[in-house]
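Peer 1: Start counting at 1 in the sequence shown, then tack on 1, and there's your number in our numbering.
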Amino acid sequence: MSYPPDHPFTRFTITAEDYANALRLHMRRYWATRWGPKLFVIVVFVIAIGAMVMTDFDEAWTSAAIGGIIGAVLLPLLGYLFIVPRRARKVYSQQKTLKQPVEVSWTQEAYIAHTEAAASTVAWTDYYGWSADGKMVMFMQSQNLFQMLPRHALTDEQMNDLTAIIERSGLKRI
């Protein structure tokens, strides 16, 4: 596909690391926007403190409570650091469409993506929201479905242009 010279576009191929970065961003976004993970940590903390106080800081109960607090914090961290990348590599090895070169462009109205197998144009108003960090830009079609655009595929000028267009569209950053 060819675009007019003033039409922004880029080409890239998603890597397993790109996919892992997208899943990590999605996980951080989930932790930041949902009460479930926060409530879990708070409940474990309250139960642990309660157990320590109610047992007059009995050594066994205090050790178990501290272990519960540490576990409540470490389990999500271990998932983020080890389970998410492992799962991303597995899915990446299975899903052939993730390995296809992608050509994307954007206008004031929509985000356009083309691969050998598919093409899509999604209006900015049809997205649920968007997220970005230093490695990935994600366009959320729902709470769980997203399109990803690796930052390494964009020049600084393209990223600034894309961000400005998204912000003008009114799409919520989540």
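Think of the CB as a built atom: it goes at the ideal place given N, C-alpha and C, for glycine as much as any other residue.
Quick caveat, the model's predicted, so the values are computed rather than measured.
Would you list the one or two residues that DSSP bridges to A111?
Peer 2: For A111, which the question treats as bridged, DSSP gives the partners A124.
Peer 1: Could you compute how far the alpha carbon of T16 sits from the alpha carbon of Q142?
Peer 2: Going from the Cα of T16 to the Cα of Q142 covers about 21 Å.
Peer 1: Quick one: what's G130 bridged to in DSSP?
Peer 2: Its beta-bridge partners are M141.
Peer 1: Would you call the stretch 80 to 97 and the stretch 132 to 149 touching, i.e. three or more CB-CB distances under 8 Å?
Peer 2: Output reads no: the stretch 132 to 149 does not touch the stretch 80 to 97.
Peer 1: Given 8 Å as the limit, is there contact between the stretch 44 to 59 and the stretch 67 to 81, that is, 3 or more CB pairs closer than that?
Peer 2: Segments in contact, yes.
Peer 1: Could you give the DSSP three-state label for Q95: helix, strand or coil?
Peer 2: Q95 falls in the helix class under three-state DSSP.
Peer 1: Could you say which of R35, T11, F10, E18 lies nearest to G145 if we only look at CA atoms?
Peer 2: Gly is not the amino acid found at residue 145; the sequence shown has Asn there. The shortest Cα separation from N145 among R35, T11, F10, E18 belongs to R35.
Peer 1: State the DSSP-derived secondary structure class of Q148, mapped to helix, strand or coil.
Peer 2: Strand at Q148.
Peer 1: Under a three-way DSSP split, which group does T11 fall into?
Peer 2: T11 falls in the strand class under three-state DSSP.
Peer 1: Are there 16 or more other CB atoms within 10 angstroms of the CB of F140, so buried, or fewer, so exposed?
Peer 2: Counting Cβ neighbours within 10 Å, F140 comes out buried, since at least 16 surround it.
Peer 1: Using the three-state DSSP reduction, which class does E168 fall into: helix, strand or coil?
Peer 2: DSSP places E168 in helix when its eight states are reduced to three.
Peer 1: Counting only the same chain and skipping the five closest in sequence on each side, list residues whose C-beta sits under 6 Å from that of I113.
Peer 2: The answer, listed in chain order, is S106, T122.
Peer 1: Can the beta-carbon of P9 be found closer than 8 Å to that of Q101?
Peer 2: The answer is no: Cβ separation not under 8 Å.
Peer 1: Quick one: what's R174 bridged to in DSSP?
Peer 2: R174 is bridged to W131.
Peer 1: Cβ atoms of L172 and G130: under 8 Å apart, would you say?
Peer 2: Against a cut-off of 8 Å, the Cβ pair of L172 and G130 comes out as a contact.
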